[in-house]
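Asker:
Number of protein chains: 2
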Amino acid sequence: MTDDLVLRRQVCFALYAASRSLTDVYRPILDEHGLTYPQYLVLLVLWERGDEAPTVSELGAQLRLDSGTLSPLLKRLEAAGLVVRSRAARDERRVEVGLTERARDLRQRMHDVPLRVARATGLTEAELIGLRDTLTRVTETIHRQKEQ
Amino acid sequence: MTDDLVLRRQVCFALYAASRSLTDVYRPILDEHGLTYPQYLVLLVLWERGDEAPTVSELGAQLRLDSGTLSPLLKRLEAAGLVVRSRAARDERRVEVGLTERARDLRQRMHDVPLRVARATGLTEAELIGLRDTLTRVTETIHRQKEQ
DNA sequence: CGCAGATAAGTTGTGTACAACTTAATTGCG
DNA sequence: CGCAATTAAGTTGTACACAACTTATCTGCG
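Here the protein sequences come in this chain order: Y and A. For the first sequence, our numbering gives the first residue as 1, with consecutive numbering after it. For the second sequence, our numbering gives the first residue as 1001, with consecutive numbering after it.
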């Protein structure tokens, strides 16, 4: 009856542990480029946007991270010469985050990272897609409830 | 061809985002009891063990956390009066972590937490079990590779 | 027995996460 | 127009995570 409290049964722990395990896979790979996983995620968004230079808030909306996390992270990416921050001319409250040439070069050199990590999971491509879609659904369900 | 780098396609991001979203669900619930999610996980292990009082290392093996994370966390649980730490008589390097009466009481008051959180995911019971098993498999695959 | 190597826990330093707050700029309503 | 409410980013404080290191204890081998 109190078996619900057993650790092995908990999806939440499985999620928490799997997330950290995947970060373990990323760590040595990203370390070659002096990046952490959240920093890599920021670059993923910027690479995807091309020349658009999103604001800090837009980055936060995609990654579900607030300025309290992103501000210092972006400061470090800027110090590493991968990102440029500049106040938007039209609205000086906004800060636009752009890529440097060095960061664009990095994209090429890191193109095989997702494949290397996906292999380490030991899942088939179909399993990976199913997992991703289930997890995305969970995140969206939770996010939707919070807004109400 | 470089589409592999698109954020939406990445299982890893889905996992990272879902893990934080679930923590968002736990936060207000655990906050009623003055706990964080990792602290709650420690209590789950201790509740499960009953009178056994595992060592810090044994806790770490279950939760996949090292002493760098657990030591300060346990210090806070001890300050909150939920846990007692004592050097093992047989091997003074070891520290055994036991529950206080207050923590045993807490177990009863928190018995409905997993159900409340599971509901918030919007997944069926079958989906939850499938998800948990897939994630556990990923974690174990990664962990096994690291040991070799 | 004596001590080199191993082991357990704790400490230090860095980097997220996130709540709560501050500062600066913008909006929109009377 | 004028200013209260809102919005954007940054700051502060707390709590993980984890690498690298320190300290204390133990184990086993010569």
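Cβ coordinates follow ideal geometry from the N, Cα and C atoms, glycine included.
#1: Applying a beta-carbon distance threshold of less than 9 Å, which residues of chain A neighbour Glu-219(Y)?
#2: I'd like the list of long-range same chain contacts for Ser-86(Y), defined as Cβ closer than 6 Å, with 5 residues on each side in sequence excluded.
#3: Please compile the residues from chain Y whose C-beta is within a distance smaller than 8 Å of the C-beta of Thr-1139(A).
#4: Can you give me the C-alpha to C-alpha distance between Pro-28(Y) and Leu-1007(A), rounded to a whole angstrom?
#5: Which value, in whole angstroms, describes the spacing of the CA atoms of Leu-209(Y) and Ala-1088(A)?
#6: So is Thr-69(Y) buried or exposed if we call it buried at 16+ other beta carbons inside 10 Å?
#7: If you drop the 5 nearest sequence neighbours on each side, which residues of the same chain put their C-beta closer than 7 Å to that of Asp-1112(A)?
#8: I'd like the span of the beta strand (DSSP E) that includes Leu-1099(A), first residue to last.
#9: Buried or exposed, going by whether 16 or more other CB atoms sit within 10 Å of the CB of Gln-39(Y)?
#10: Check the DSSP bridge columns for Arg-85(Y) and list the partner residues they point to.
#11: Which ranges does the beta strand (DSSP E) cover as unbroken runs of at least 3 residues, wholly within the stretch 1099-1141 of chain A, from first to last along the chain?
#12: When you compare only the Cα positions, how much space is there between Arg-94(Y) and Ser-67(Y)?
#13: Could you name the residues that DSSP lists as bridge partners for Thr-1055(A)?
#14: Residues in its own chain within less than 8 Å of Ala-143(Y) by CB, not counting five upstream and five downstream?
#15: If we cut at 8 Å on Cβ distances, does Lys-1146(A) have a partner in chain Y?
#16: Chain A beta carbons: is any one of them nearer than 8 Å to that of Asp-24(Y)?
#17: Count the other CB atoms, across all protein chains shown, that sit within 10 Å of the CB of Gln-1010(A); report buried if there are 16 or more and exposed otherwise.
#18: In this structure, how does DSSP classify Arg-144(Y) when only helix, strand and coil are distinguished?
#19: Measuring only the C-alpha atoms, how far is Val-1042(A) from Leu-1059(A)?
#20: Specify, as a first and last residue, the run of the alpha helix (DSSP H) that Gly-34(Y) falls within.
#21: Got a sec: is the Cβ-Cβ distance from His-33(Y) to anything in chain A below 8 Å?
#22: Note down, in chain order, all residues in the stretch 1055-1085 of chain A with a beta-carbon under 9 Å from any beta-carbon belonging to chain Y.
#23: Look at Leu-1082(A) and Arg-1109(A) and say whether their C-beta atoms are less than 8 Å apart.
#24: From Val-1084(A) to Asp-1024(A), what does the alpha carbon distance come to, in whole angstroms?
#25: Taking Trp-47(Y) as the reference, which of Gly-98(Y), Leu-22(Y), His-33(Y), Ala-126(Y) has the closest Cα?
Answerer: The answer reads as follows:
#1: Because chain Y here runs from 1 to 148, residue 219(Y) falls outside it and cannot be looked at.
#2: Glu-96
#3: Ala-14, Ala-17, Ala-18, Ser-21
#4: 20 Å
#5: Lying outside 1 to 148, the shown extent of chain Y, residue 209(Y) is not represented and no answer is given.
#6: exposed
#7: none
#8: 1095-1099
#9: buried
#10: Val-97(Y)
#11: none
#12: 12 Å
#13: Glu-1096(A)
#14: A small fix is needed here, since residue 143(Y) is His in this sequence, not Ala. Excluding residues within five positions, the ones whose Cβ falls inside 8 Å are Arg-64.
#15: yes
#16: yes
#17: buried
#18: helix
#19: 7 Å
#20: Where Gly-34(Y) is concerned, there is no enclosing alpha helix (DSSP H), given that its DSSP letter is neither H nor E.
#21: no
#22: Gln-1062, Leu-1063, Arg-1064, Leu-1065
#23: no
#24: 28 Å
#25: Gly-98(Y)
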